[in-house]
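Structure first, then comments.
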């Protein structure tokens, strides 16, 4: 017996269409069709960043990462058929404070990745006309709302820190190997594996760079709610092509005939009457 029958199919049978699945084609590029009009208060993400079009701001409190690269507790990586998602358990969650977050504390919820079928178009945000191989999103929710679910639809509910990854021929990142070794173990959809609890050390140097860009935008996956304070570090983290290629081996369907080869949302262009308010903020001190 292979499993319970549901709508004429058994649990082990695949419901895939024969043609290759491309997740990017399943996302409507016009955010103003896919998102209810009442939610369109600010701007949809991702966007293209140009330094000359930003407002430089030197008066934020320091943006601080607390606990993101600590030892202790458990870490897991999951293949949900769309991306690889990292979560922590059995520990005090990392906290993001300061910078554009005012007096609020934002609790780490998860980190996930975006990539494409090549090493030149796998990021979601574009910086100065340049695209990178991958983009990692560290998702946090506002502590005052209690949990991610309650915060997800509030105007100040979420803070997402974005890091670009750039693949090169000879720059394997030793700390990032903790991620890629785990990715090799979750090639099947809905599979999960454990990895070292200090698996985020590869973002530490990037989080201590001289400055970052921030703006109010949206989630880049459904339901695209405009509840995100984006914090984007422009200097890419160098990894190897082989490290990036491991993510493309992850399966997106139970039949294992399809890989997750592209999971980026196209650049969103705001309506002409909406001016983007993008801030370039200088960092003031090192994160813990």
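Numbering (this note's numbering), first residue to last: 756 to 1043.
Note that CB positions come from ideal geometry on N, CA and C, so glycine has one too.
Fully enclosed beta strand (DSSP E) runs of no fewer than 3 residues occupy 913-923, 947-950, 966-972 of the segment 910-978, in order along the chain. Residue 1033 is bridged by DSSP to nothing; it lacks a bridge partner. Here residue 823 is near residue 849, since their CB atoms are less than 8 Å apart. The C-alpha of residue 1037 lies about 8 Å from the C-alpha of residue 814.
The segment 928-948 and the segment 988-1005 touch, with three or more beta-carbon pairs separated by less than 8 Å. Residue 884 sits exposed, since fewer than 16 C-beta atoms from the chains shown fall within 10 Å of its C-beta.
Shown here for residue 805: same chain residues with a beta carbon closer than 7 Å to its own, the five before and five after excluded, namely 883 in chain order. Residue 1000: member of the alpha helix (DSSP H) spanning 996-1000, first to last residue. Cβ neighbours of residue 840 within its own chain (closer than 6 Å, five residues either side excluded): 833, 865, 867. Around the Cβ of residue 991, a 10 Å sphere holds 16 or more other Cβ atoms; the residue is buried. Here residue 1003 carries a helix assignment [DSSP, helix/strand/coil]. By the beta-carbon neighbour count (other beta carbons within 10 angstroms, threshold 16), residue 874 is buried. Taking the Cα of residue 904 as reference, the smallest distance to any Cα among 923, 1024, 886, 978 is reached at 978.
Taking C-beta separations shorter than 7 Å and ignoring five residues to either side along the sequence, the partners of residue 856 in its chain run 914, 984, following chain order. Your pair residue 890 and residue 907 does not check out as a contact, with CB atoms roughly 20 Å apart and the cut at 8 Å.
With a beta-carbon spacing of about 15 Å, residue 922 and residue 1016 fall beyond the 8 Å limit used to define contacts.
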